[in-house]
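K.L.:
Sequential numbering from 0 applies to the sequence shown in numbering that gives the first Met the number 0.
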Amino acid sequence: MKYFIEVWGCAMNEHDAETLGGLIEKKGFIKADNYSDAQLIVLHTCCIRAKAEDKVIGRIGALSKIKKKRPEMIIAVGGCMTQQEEVAQYIQTRFKDVDIIYGTHNLNEFDKMLTTVLEEKKQVKNISCTDGMEIKEDIPIKRNDNLKAYVNIIYGCNNFCSYCIVPYVRGREKSREIKFIIEEVKALLENGFKEITLLGQNVNSYGHDFNDGTNFSVLLKVLDKLGDYRLRFMSSHPRDFDYELIDTINKTKNVCHQIHLPLQSGSDRIIKEMNRGYTKEHYLALTDYIFKVMPDATISTDIIVGFPGETEEDFQDTMDVVDKVGYDQAYMFMYSIREGTRAAKMENQIPEKIKKERFHRLLTLQNKKSLEKNKAMLGKVYEVLVEGLGEKGRLTARNRGNKVINFTGDPSLTGDFVKVKVIDYNTWSLYGELIGD
Ligand code: 5AD
Ligand code: SF4
């Protein structure tokens, strides 16, 4: 029997899907190349914006139709979207063809749910919230890659940004014990992995719940000593991102000078309404310091336009930060109402037309900035990790700043660190040529 997992959303979800893969393979399934070869299809969902949910509903509808012709097919839907009780209920009643509905807290029990479906042939819906439960450490992980790996360090979120559904579906923060993180990273390095990305909704909170002095800087310093590799992390929170951490990143040998620092808005008034706990000035001081101590740093961000009550002046503050910081990459979103959050109840919701118009102005500015950033790389030499064949027969590789550089070379270089010189660029891509040592 074969399985196929379709993943929506963030890196955390991608990594969850690797855990699901491990649990499913324990039951004797093997991975299919595409969904049409699979007996078990899992939709691992995201609910951060309405659009993400709409896509999943469309997909369940399409799979239900296919199941009419292939009744032996097993459909599972789970993750953030179904962790919302009313959504799980809706899917259960509207789509009788869905066999398994699971949540975010009981992902580790997916194999048991699958057993029930296989043996008892009945629908299983279980999203029971076992918040506060121990983090299970003996779950097999089926990694999608053999060079780059994700490692969870903290689960959940305590921040309750007023627009965000995540704390409701992922529960409260819970740090993973440092010894298990070290063990996992060591094992990955022994198995030839070259790049590790530490994951958490807010990695800067790491260790706060231990009350023994363990924090994110301590973790980075410990992991830095485990070998020669690239160490990345996401996401950070500008409120908790301090100067000590920037100094730590600068002093370590393996931690990449690549920082994802979600701005969300550049307006102090909106940042406050968002419950984010910093100011535009604080944010700009942080990015200034990052570039001061690490001139080679790359910074990326997340921005929401059209948060309730956002005026043109507020929006101009966001544009101003984007202009001043010079992000290598910005993930931009139009505000989406998420029921149950504080912002959903706010008056002064912004009309879609205005959101779209602001989004396009911001996109145009960021594209200009991305082009400038890429242009500045022209003629420079970077060490890149070769990831494999990409488009048009070129090799695709990343530098320490996580910038993708494509170049012509032998596919046998995959997995190697090589040096390339940037010879061409556009807004979205960089092209290089291989150079000797
Ligand atoms: N509407 C639009 N974007 C959102 N994000 C989180 N919640 C919402 C929402 N309700 C964005 C934030 C966050 C990213 C993962 O998704 O920018 O950093
Ligand atoms: Fe959502 Fe804010 Fe937590 Fe990020 S920090 S997951 S935006 S509540």
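Even glycine gets a Cβ: it sits at the ideal position worked out from N, Cα and C.
Small disclaimer: the values here were computed from a predicted structure and weren't measured.
Do the segment 67 to 86 and the segment 24 to 44 meet, that is, are 3 or more Cβ pairs less than 8 Å apart?
P.N.:
yes
K.L.:
Any heavy atom of the ligand 5AD closer than 7 Å to the beta-carbon of Tyr149?
P.N.:
no
K.L.:
On the DSSP bridge assignment, give the partners of Gly21 in chain order.
P.N.:
Beta-bridge pairing links Gly21 to no other residue.
K.L.:
Between which two residues does the beta strand (DSSP E) carrying Gly339 extend?
P.N.:
Neither: Gly339 is in no beta strand (DSSP E) and is coded neither H nor E.
K.L.:
Are the Cβ atoms of Lys50 and Ser335 separated by less than 8 Å?
P.N.:
yes
K.L.:
In whole angstroms, what is the alpha-carbon distance linking Gln91 and Lys141?
P.N.:
28 Å
K.L.:
Check for me: the alpha helix (DSSP H) holding Lys68 runs from which residue to which?
P.N.:
Where Lys68 is concerned, the enclosing alpha helix (DSSP H) starts and stops at Ala49 to Lys68.
K.L.:
Go to Ala396, then tell me how far its alpha helix (DSSP H) extends in each direction, as first and last residue.
P.N.:
That residue, Ala396, is in no alpha helix (DSSP H); its beta strand (DSSP E) goes Leu394 to Asn398.
K.L.:
Taking 7 Å as the limit between beta carbons, can you name the residues of its chain near Ile258, skipping five residues before and five after?
P.N.:
Result list for Ile258: Ser235, Ile289, Ala296 and Ile298, in chain order.
K.L.:
Leaving out five residues before and five after Pro166 in sequence, what residues of the same chain have Cβ atoms less than 6 Å from its Cβ?
P.N.:
Cys156 and Phe159
K.L.:
Output the residues surrounding the ligand SF4, defined as those with a CB atom closer than 7 Å to any ligand heavy atom, in chain order.
P.N.:
Any heavy atom of the ligand SF4 within less than 7 Å of a residue's beta carbon puts that residue on the list, which reads Cys156, Asn158, Phe159, Cys160, Cys163, Val165, Pro166, Gln200, Asn201, Ser234, His236 and Pro261.
K.L.:
Alpha carbon to alpha carbon, how far is Asn398 from Val383?
P.N.:
Rounded to whole angstroms, Asn398 to Val383 spans 4 Å at the Cα level.
K.L.:
Can Gln82 and Gly57 be called in contact, C-beta distance under 8 Å?
P.N.:
no
K.L.:
Find the nearest neighbour of Gly206 within the set Asn33, Val417, Lys344 and Asn151, judged by alpha-carbon distance.
P.N.:
Asn151
K.L.:
Rounded to whole angstroms, what is the Cα-Cα separation between Glu5 and Lys95?
P.N.:
20 Å
K.L.:
Any idea which residues DSSP pairs Glu432 with across the strands?
P.N.:
Beta-bridge pairing links Glu432 to Lys420.
K.L.:
Whole alpha helix (DSSP H) runs in the segment 249 to 277 with 4 or more residues, listed along the chain?
P.N.:
Within the segment 249 to 277, the complete alpha helix (DSSP H) runs of at least 4 residues are 267 to 272.
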